[in-house]
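Some notes on the structure that comes next.
2 protein chains.
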Amino acid sequence: MAHIRLRCVECGASHRADVRALYCNTCKLPLEVEYTGVGALSRSGLGGLWRLGAPAPVHSPSHVVSMGEGMTAVALLERSGLLLGLASLFGKLEFQSPTGSFKDRGTTVLMSALKEAGVDEIVEDSSGNAGASIAAYAARAGITAHIFAPASAPAPKVQQLRVYGAHVHLIEGSREAATQAAKAFVEQRGLVYASHNLSPFFLEGTKTFAYELVDQFPEGLPDHVVLPVGNGSLLIGAWIGFRELQASGRVKRLPKLHAVQAEVVQPIAAAYMGRPWRPQAGARTAAGGIAVAQPPRLRQALRAVRETGGACVAASEEAILRWQRLLAREEGVYAEPTSAAAFAGLELLARQGVIGARDVVLVPVTGMGLKDMAPAE
Amino acid sequence: MAHIRLRCVECGASHRADVRALYCNTCKLPLEVEYTGVGALSRSGLGGLWRLGAPAPVHSPSHVVSMGEGMTAVALLERSGLLLGLASLFGKLEFQSPTGSFKDRGTTVLMSALKEAGVDEIVEDSSGNAGASIAAYAARAGITAHIFAPASAPAPKVQQLRVYGAHVHLIEGSREAATQAAKAFVEQRGLVYASHNLSPFFLEGTKTFAYELVDQFPEGLPDHVVLPVGNGSLLIGAWIGFRELQASGRVKRLPKLHAVQAEVVQPIAAAYMGRPWRPQAGARTAAGGIAVAQPPRLRQALRAVRETGGACVAASEEAILRWQRLLAREEGVYAEPTSAAAFAGLELLARQGVIGARDVVLVPVTGMGLKDMAPAE
């Protein structure tokens, strides 16, 4: 890792690169990767998103833990566009990934960095898409994974973690309790906390979303990208990618990045509006993937939205479930509620005139409906 | 459809192309597409497998019903190869498809042909991957779909069909009873039977599997492709594709195509061995996708195996479930049992010396584990 350092997202302080480093010593805020030299990674023979040529925090192809993630399809969503009064609406089917969600982009890079650093045992907390992704790639890398999840997590999700051979630790109490238990376990055992929310290496994978769009839209990028945002790993990753592409002269104008949250869990949307917000006891959203009450990268997410000229909205539960159904029935795309939320947010943005009728819009369909099935009728 | 005709797979008799034609008038056996001229389909702007340039039974890009299926990743399966004593074992992750299985290859072409023919209501029988795929693409095409399934079909699979807006008809009794009910409904209502098992157009989609391999292995095709086979739509499709590529001079030597069935449902494997076989009452395989007791294209499947120098084997339930677990734990690939069966078959072929240690082997991972979860531990 001689060609990278880790930079504080707040104060800019530069730290030596280390897979264990998650926070700035001074600010206690998360870090991001800074390239100080050219990596020596040869991409010959590497597939999926590793072909894209994005700077990567890994040196040797033999450390790359990949199964062909990325390079997901872009599908025209004609009827949804018509409904919204938009001429060009595209979905990027991010669920066409080895474990069924966009998280594999982040995980392939994070796990490769861990493997290169010689790590053989990690801890993560998630019962959702990130947990499945980390469990799968850890299995592939030959790294032992401990996944902490709430005891209330749906049985099929826990089962998926176990199929990959992960050690699942079920913790009574809230989602936050699982995070605390994971952190305590890390301390106690001296293990590496491979947090998809905190690790700067995860964002080095999700940034390839931007590189792929440049590839897939050779005649010009979409005007708007509307994303479901919980921790913001795709939003922030895409922003990092677009800025790199701009710095290297490959991209002139960045798409506006818009963040969509659920009404009942909207720390980022509320901060964007300058409104106070607190988690309400018992309030639940169907969009479990973005139900994050205290996102550690909140300020970074806000900057990604503001600096690209985007907006942040919160979608109602009614609209989220309506869009899940609508996408399946009109487009043949079975998205999980978290992904449907982005379309519910797009509806608000189109209605408010933030997005115009002739603008080209792209929405990542981040996770598959099979992972979080629609309620039976 | 002026540039195609339908040919009997047995007697070679040529029939006028028609989306309703499923059997030869004389032999009562299934048909395949024969190209008598060059199609007028311009591929500009089309994505996924439509970019590959394979001859297609569709004229106008506006009739193409696609969401970016195909172009699935190839992943090296190093540890599984090591276990089997094989130097080069690859998995092609066919579950990276819009509905989570390889069936989308066949469905995109079948549904496009139906749309071009002006069909607006279809009937299909399947509670598995094919049903989900047909339901999704019918939704996208704006075609009403009636899906017949056994009343015993797993609730999540039935639910997936309904999410796409399909009319689900649950039929008491065996899988065969659902097929009979579908056929009766077709007769009674004068509808089109869009059977993935019988329609020759479905194979025109699955044949793109061969075209993609040529693209992904520019230095030479794998020596062996080992496939799970029930109705044989991927096996027969791949064979059609490879023969087209051979006829056009793009491919010199075809890979050997090997068919794997489950021990308890093995009409094709038994026919290959020249052994009598009858379905046993109550015998069930975890590999539901290949549990087809009377495959209508049995002879074609056998020819695909024999003419390419392949073999046909039957895998035990123990080996199928062992490989499902092994793939998840060693490779991070969560396959459904049907897909794991191909690896169980590969194990037999390697042990028998049919496949040698230095041969390059590819196995399609046809469906995702999430669609047919491993039993909880």
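Quick mapping for you: the protein sequence lines, in order, are chains G and S. Following the working numbering, the numbering of the first sequence begins with 1291 at its first residue and continues without gaps. Following the working numbering, the numbering of the second sequence begins with 1291 at its first residue and continues without gaps. Note that CB positions come from ideal geometry on N, CA and C, so glycine has one too. Just so it is clear, the structure is predicted and the values come from calculations on it, not from any experiment.
Is the CB of residue i under 7 Å away from at least one CB in chain G?
i	result
S:G1338	yes
S:G1335	no
S:L1660	yes
S:G1358	yes
Please confirm if residue i has its CB atom under 7 Å from at least one CB of chain S.
i	result
G:V1453	yes
G:A1666	With a pLDDT of 47 at G:A1666, under the threshold of 50, the predicted position of this residue should be treated as unreliable, though the coordinate-derived value follows. True, the Cβ-Cβ gap to chain S drops below 7 Å.
Using only the alpha-carbon positions, how far apart do residue i and residue j sit?
i	j	result
S:H1514	S:L1547	6 Å
S:E1667	S:Y1501	With a pLDDT of only 45 at S:E1667, under 50, the local geometry of the prediction cannot be trusted, and no value is derived from it.
S:V1582	S:N1521	7 Å
S:S1391	G:R1306	44 Å
S:E1466	S:V1453	25 Å
G:L1296	G:R1593	19 Å
S:D1394	S:K1497	12 Å
S:T1598	G:V1603	58 Å
S:I1526	S:F1491	12 Å
G:G1324	G:P1347	One point to set straight first is that residue 1324 of chain G is Glu, not Gly, in the sequence displayed. In a straight line, the C-alpha of G:E1324 is about 9 Å away from that of G:P1347.
G:A1606	S:R1587	Position check: residue 1606 of chain G holds Ser in this sequence, whereas Ala was assumed. Approximately 50 Å between the Cα atoms of the pair.
G:T1397	G:S1489	10 Å
S:L1660	S:G1335	32 Å
S:T1316	S:G1302	10 Å
S:S1523	S:E1494	10 Å
G:R1648	S:D1308	40 Å
G:R1641	G:F1499	27 Å
S:L1652	S:E1411	38 Å
G:Q1570	G:W1613	24 Å
G:W1529	G:V1595	9 Å
G:E1534	G:R1540	9 Å
S:T1628	S:T1656	8 Å
S:Q1584	S:W1567	11 Å
S:P1265	S:S1417	The displayed coordinates of chain S run from 1291 to 1667. Any statement about residue 1265 of chain S would go beyond what the structure contains.
S:F1532	S:L1639	22 Å
Please list, in chain order, the chain G residues whose beta carbon lies closer than 9 Å to that of residue i.
i	result
S:P1388	A1363, A1365, L1383, F1385, Q1386, G1622, V1623, Y1624
Determine the chain G residues that contact residue i at a beta-carbon separation under 8 Å, and present them in chain order.
i	result
S:K1393	The premise fails here: S:K1393 is roughly 13 Å from chain G at the closest Cβ pair, so nothing lies under 8 Å.
Going along chain S, which residues have a C-beta under 8 Å from residue i?
i	result
G:Y1427	G1622
G:Q1450	Y1624, G1659, L1660, M1663
Give the interface partners of residue i over in chain G, defined as CB-CB distance under 7 Å, in chain order.
i	result
S:R1619	A1429, Y1454, G1455
Measure the CB-CB distance between residue i and residue j and report whether it falls below 7 Å.
i	j	result
G:V1355	G:M1291	no
S:G1559	S:H1486	The residue you asked about is not Gly; residue 1559 of chain S is Ala in the sequence shown. Contact flag unset, no.
S:G1358	G:A1365	yes
S:K1382	S:P1654	yes
S:L1367	S:E1637	no
G:S1332	G:P1351	yes
S:A1435	S:A1422	no
G:V1413	G:A1472	yes
G:V1299	G:Q1536	no
G:A1601	G:V1644	yes
S:G1360	S:G1338	yes
G:V1482	G:R1369	no
G:L1617	G:V1623	yes
G:R1619	S:A1429	yes
S:L1451	S:I1437	yes
Between residue i and chain B, is there a C-beta pair that is closer than 7 Å?
i	result
G:Q1584	The question asks about chain B, but that chain is absent: this structure's protein chains are G and S.
Using 8 Å as the Cβ pair cut-off and three pairs as the minimum, do the segment 1572-1584 of chain S and the segment 1547-1554 of chain S touch? yes
Cβ pair count under 8 Å reaching 3, the segment 1462-1479 of chain G against the segment 1623-1634 of chain G: no
Quick check: the segment 1457-1464 of chain S against the segment 1441-1449 of chain S, are at least 3 beta-carbon pairs closer than 8 Å? Contact between the segment 1441-1449 of chain S and the segment 1457-1464 of chain S is present, because at least three Cβ pairs lie under 8 Å.
Is there contact here, the segment 1402-1417 of chain G with the segment 1369-1378 of chain G, by at least three beta-carbon pairs under 8 Å? no
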